[in-house]
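Comments concern the structure below.
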Amino acid sequence: MASEVTVPKLSATMEEARVARWCRQVGDTVREGEVLLELETDKAVLEVEATASGTLASVLAAEGEVVAVGAVIALLGEDAAPAAPAAASAAPPQ
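Counting along the sequence shown from 1, when you hit position 88 you're at 116 in our numbering, and nothing is skipped either side.
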């Protein structure tokens, strides 16, 4: 099961932020507390830490993209490797 990485509300007035830099790449194994990315607000650049351990399975917000507080920006998988795409189901015999 994947864990969602969302944009945290880092100040009382924060409504959105810009993804300044991803510190990890898809497929990297991360531990809870390690820095995943940096977000830039109108006042500062802040580090966002992983809230769970796992593999960075997917990045949903690119560097430079403006994202709203609470938006899902990445998925962390529990496996040590990114999930493989699901195999196509075989056609039923005729």
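C-beta atoms are modelled at their ideal positions from N, C-alpha and C, and glycine is treated no differently.
Predicted model only: the values in this text are computed from it and were never measured.
Rounded C-alpha distance that separates residue i from residue j
{"i": "Leu104", "j": "Ala85", "result": "5 Å"}
{"i": "Ala90", "j": "Met29", "result": "23 Å"}
{"i": "Val94", "j": "Glu43", "result": "10 Å"}
{"i": "Lys71", "j": "Val35", "result": "16 Å"}
{"i": "Arg52", "j": "Thr41", "result": "28 Å"}
{"i": "Ala80", "j": "Val58", "result": "8 Å"}
Top-ranked residue by Cα proximity to residue i, from the options
{"i": "Thr69", "options": "Val33, Val87 and Lys37", "result": "Lys37"}
Same chain, Cβ closer than 7 Å to residue i, five either side skipped, listed in chain order
{"i": "Gly92", "result": "Arg46 and Val47"}
{"i": "Glu77", "result": "Gly61, Glu62, Val63 and Leu64"}
{"i": "Arg49", "result": "Leu65, Glu66 and Glu91"}
{"i": "Gly98", "result": "Thr34 and Val35"}
Segment limits, beta strand (DSSP E) that includes residue i
{"i": "Ser31", "result": "Ser31 to Thr34"}
{"i": "Thr69", "result": "Careful: Thr69 lies outside any beta strand (DSSP E) and carries neither H nor E."}
{"i": "Val87", "result": "Gly82 to Val87"}
Residue i beta carbon near the ligand NAP (any heavy atom closer than 7 Å)
{"i": "Ala80", "result": "Absent from the structure shown: the ligand NAP. Ligands present: none."}
Three-way DSSP call (helix, strand, coil) for residue i in this model
{"i": "Leu103", "result": "strand"}
{"i": "Ala48", "result": "strand"}
{"i": "Ser39", "result": "coil"}
{"i": "Val97", "result": "coil"}
{"i": "Thr79", "result": "coil"}
Same chain only: Cβ atoms within 6 Å of residue i, ignoring 5 sequence neighbours per side
{"i": "Gly82", "result": "Leu104, Gly105 and Glu106"}
{"i": "Leu2", "result": "Look at the range of the chain in this structure, 29 to 122, and you will see that residue 2 is not part of it."}
Same chain only: Cβ atoms within 8 Å of residue i, ignoring 5 sequence neighbours per side
{"i": "Val100", "result": "Glu32, Val33, Thr34 and Leu88"}
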